[in-house]
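For reference, the structure discussed in these notes is given below.
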Amino acid sequence: MSEDRPVQGAPPEARDRGADTRSAPDLQVRGEPPSRVRIREVGPRDGFQNEPEVIATADKVRLIELLAKSGLRRIEVTSFVRSDLIPQLSDAEQVLAAVSLPPSVSVSVLIPNERGLERALRVRDRFHEINGFLSASETHNLRNVGRSVDDSLSGLERTFGRALDERLRCEGVVSVAFGCPYEGQVPRSRVFEIAARLAAAGAAEVAFGDTTGMANPLQVREFFVAARESLPEVELTAHFHNTRGQGLANVLAALEAGISSFESSFGELGGCPVPRGATGNIATEDLVSMLHEMGIATGVELGALLDASRAAQKVLGRPLRSHLLAAGPVDWRPRR
Ligand code: ZN
Numbered sequence: 000m001s002e003d004r005p006v007q008g009a010p011p012e013a014r015d016r017g018a019d020t021r022s023a024p025d026l027q028v029r030g031e032p033p034s035r036v037r038i039r040e041v042g043p044r045d046g047f048q049n050e051p052e053v054i055a056t057a058d059k060v061r062l063i064e065l066l067a068k069s070g071l072r073r074i075e076v077t078s079f080v081r082s083d084l085i086p087q088l089s090d091a092e093q094v095l096a097a098v099s100l101p102p103s104v105s106v107s108v109l110i111p112n113e114r115g116l117e118r119a120l121r122v123r124d125r126f127h128e129i130n131g132f133l134s135a136s137e138t139h140n141l142r143n144v145g146r147s148v149d150d151s152l153s154g155l156e157r158t159f160g161r162a163l164d165e166r167l168r169c170e171g172v173v174s175v176a177f178g179c180p181y182e183g184q185v186p187r188s189r190v191f192e193i194a195a196r197l198a199a200a201g202a203a204e205v206a207f208g209d210t211t212g213m214a215n216p217l218q219v220r221e222f223f224v225a226a227r228e229s230l231p232e233v234e235l236t237a238h239f240h241n242t243r244g245q246g247l248a249n250v251l252a253a254l255e256a257g258i259s260s261f262e263s264s265f266g267e268l269g270g271c272p273v274p275r276g277a278t279g280n281i282a283t284e285d286l287v288s289m290l291h292e293m294g295i296a297t298g299v300e301l302g303a304l305l306d307a308s309r310a311a312q313k314v315l316g317r318p319l320r321s322h323l324l325a326a327g328p329v330d331w332r333p334r335r
């Protein structure tokens, strides 16, 4: 099925994907890329949760602190998903209690539902933001969290309401926003409808996840041009996985659509519990390197970030997959 997808130009099929009549942006129009972007490091959550070997709490804490040292100002440090579902992150409270981060770092935690939030609120003073997630397609949501999309939305509305009472910033994450491994196309109008409900529930930011790496750059540019029109009041964040090697191309497309907020994982850690094999967030170091080479500021010191990824390799006992770990930063000095 994937073989006959359009690969270039602006074929009508590509425009029909997501079947939305709301807008048909001219693909030739390119905005100025932003001069600075915000990056949220999600490796300690999206990455660690997919590691089969249990990572010691002290190692997690050390790696998170190394990430902060690189200048990252947004870090998703853990999740309050039930411990029996994701044992790897069952030490959420201990990680939050032990980690020492500069006040400039905004700490976020992933919250699956109201019960998870109640658990997190016992350590309320240790974080600043919550991330509540659901999938854009019914089948993925059902397989991932065992609920309908509508039930997830209702739960998130209550969760965000409670979080706002606690003066927590809320981010909504919409998984499989660019395509679903079970259902195929996900109507863009449906994705925006879900995002609008999250915004109405109090989300200051909505991230759109290409959870299994199905998105292509043309699709991404169209998507975010339309998303900015549809959701002008919300911070829009792109969360790409590099499953098929298109993550950074999709970043460029999102930049061209005016997006300046991204999520990524150091060392290209990460994945998704369903389906198996849906691996790999884009690597933060690859993202930072590309942006810096393009003259876009991130606030991140690449060498320090690579130190964190090398430390993660030692902890996990295997080489990680980012390009920068293999090749090192670009060096423009002439050699002979
Ligand atoms: Zn992800």
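First residue of the sequence shown? That's 0 in numbering that gives the first Met the number 0, and the numbers climb one at a time after it.
Here a beta-carbon is modelled for each residue, glycine too, at the ideal position from N, C-alpha and C.
Any non-hydrogen atom of the ligand ZN closer than 6 angstroms to residue i Cβ
i: Asp330; result: no
i: Asp280; result: Note that residue 280 is Asn in the sequence shown here, rather than Asp. Yes, the Cβ of Asn280 comes within 6 angstroms of a heavy atom of the ligand ZN.
i: Asp58; result: no
i: Asp90; result: no
Residue i versus residue j: straight-line alpha-carbon distance, rounded
i: Leu26; j: Pro32; result: Reliability of the predicted coordinates at Leu26 is poor, the pLDDT of 45 falling under 50, and the value obtained from them is presented with this limitation in mind. Distance between the alpha carbons of Leu26 and Pro32 is about 15 angstroms.
i: Val6; j: Ala214; result: The predicted model places Val6 with a pLDDT of 36, which falls under 50 and marks its position as unreliable, so this point remains unresolved.
i: Pro216; j: Gly244; result: 12 angstroms
i: Ser105; j: Arg72; result: 6 angstroms
i: Leu141; j: Pro333; result: 55 angstroms
i: Glu92; j: Glu292; result: 38 angstroms
i: Ser78; j: Gln218; result: 30 angstroms
i: Asp306; j: Leu65; result: 8 angstroms
i: Gly42; j: Asp164; result: 28 angstroms
Whole-number beta carbon distance between residue j and residue i, since they are thought to touch under 8 angstroms
i: Leu109; j: Val80; result: 7 angstroms
i: Ala195; j: Phe223; result: Not confirmed; about 15 angstroms, so no contact.
i: Glu40; j: Ser229; result: In fact, because the Cβ distance is near 27 angstroms, the residues do not count as touching under 8 angstroms.
i: Glu255; j: Arg220; result: 6 angstroms
i: Glu128; j: Leu167; result: 6 angstroms
DSSP state of residue i mapped onto helix, strand, coil
i: Thr242; result: coil
i: Glu228; result: helix
i: Arg335; result: coil
i: Phe126; result: coil
i: Asp83; result: coil
i: Asp177; result: One detail in the question is off: residue 177 reads as Phe in this sequence, not Asp. Note: Phe177 maps to coil in three-state DSSP.
i: Val106; result: strand
i: Asp149; result: helix
i: Val314; result: helix
i: Asn249; result: helix
i: Ile193; result: helix
i: Ala326; result: helix
i: Ala202; result: coil
i: Gly257; result: coil
i: Gly115; result: helix
i: Ser134; result: strand
Environment of residue i [buried if 16+ CB atoms lie within 10 Å]
i: Met289; result: buried
i: Arg317; result: exposed
i: Leu197; result: buried
i: Lys59; result: buried
i: Val329; result: exposed
i: Val36; result: buried
beta-carbon residue i near the ligand SAM non-hydrogen atom, thresh 6 angstroms
i: Asp45; result: No copy of the ligand SAM occurs in the structure displayed; its ligands are the ligand ZN alone.
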